Amino acid sequence: MATMNAINLLIALALTAPATLAIAAELAISTADGIVRAGKQKKLLKINGIGYTHRTRTGVYMGGYLRDGQGAASAAIAYVSHDLKQEKYWPLPTGVAQFFIYQGRLHVLDDSGNTFFEENEHWQPGQWHFPPSWKVVYSDAFLIACRAHDLAKEAPPRRNGCIAPQKNWEIAIDWAITPPTMCHNRFMIRQYRHGPNAANMPFDLVQFDPDNGKEIARKRGVTETKDICSVKFP
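When you read off a place in the sequence shown, starting at 1, and then add 45, the result is the number in my numbering.
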């Protein structure tokens, strides 16, 4: 079980890029208590429990929780400038699950699968909605969101795979460890093999057409895990 928990943690880290203590050389964030440091300066933010961040040229956006005088927590987005002179807060219906860039704008995916985008220093509801716990893995020309196979043995069956709402396709496939990615105009998924030593077993690497979600090619017995884009197909 310890091995399974470690593997699940690797999946979460690979997909969601959570907050780190060192966001930039001049700006560090304590994700638990919301203390921000820039050189010798320090500021206590109104937000804590920070799980996700996005760094920009001027500052850092964070997803976490605001607490009221009675200790009740509510989901929010916070922003702090690199010089600590500006800070802003925006409430959200549910917690931040991911920051991503789409069409040149910063977007947020929340825990319910709703999207929001920043416009004129306000967060507006986005057009796209994904199932809860799915993450955006591609957002250059259109959006693709995916959900990994749950490696915990006690987990009930659930909907796994990838979906592209603008292209009207969905791929039902079990995958884990390595997030799906776009490689040379082909959408690549490392298909998960079930078994007690699945993380170390050769796997099938599958190419899909990103325009229609149809399988183009499949290579069996692949062992490369760090850079699946480097794998050569016949």
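Glycine included, every Cβ here is placed at the ideal spot set by N, Cα and C. Predicted, not measured: the structure shown is a model, and the values here were computed from it.
- Item | Short Cβ contact (8 Å threshold) for Gly109 with Gly94 | The answer is yes: Cβ separation under 8 Å.
- Query: How many Å lie between Ile92 and Leu111 at the Cα?
  - Reply: Spanning the two alpha carbons is a distance of roughly 5 Å.
- Task: Determine, using beta carbons only, whether Gln169 and Phe161 come nearer to each other than 8 Å.
- Result: At a Cβ-Cβ threshold of 8 Å, Gln169 and Phe161 count as neighbours.
- Look up Ile122 in the DSSP assignment and give the residues it is bridged to. BP columns for Ile122 point to Gly108 and Trp135.
- With 16 other CB atoms within 10 Å as the buried threshold, where does His229 fall? Exposed.
- Query: Since Arg192 contacts Asn205 with CB under 8 Å, what's their CB separation in whole angstroms?
  - Reply: About 5 Å separates the two Cβ atoms, so the contact holds.
- Item | Under the three-state DSSP convention, the category Ile74 falls into | In this structure, Ile74 counts as strand in the three-state DSSP scheme.
- Message: Within a Cβ cutoff of 7 Å, which residues of the same chain sit near Pro247, ignoring the five residues on either side of it in sequence?
- Response: A distance below 7 Å between beta-carbons, with the five flanking residues on each side excluded, links Pro247 to the following residues of its chain, in chain order: Gly266, Val267 and Thr268.
- Inter-residue Cα distance where the pair is Glu164 and Lys264: A direct Cα-to-Cα measurement between Glu164 and Lys264 gives close to 43 Å.
- Item | Nearest neighbour of Lys180, chosen from His167, Glu166, Ser157 and Gln172 [CA to CA] | Per the Cα distances, Ser157.
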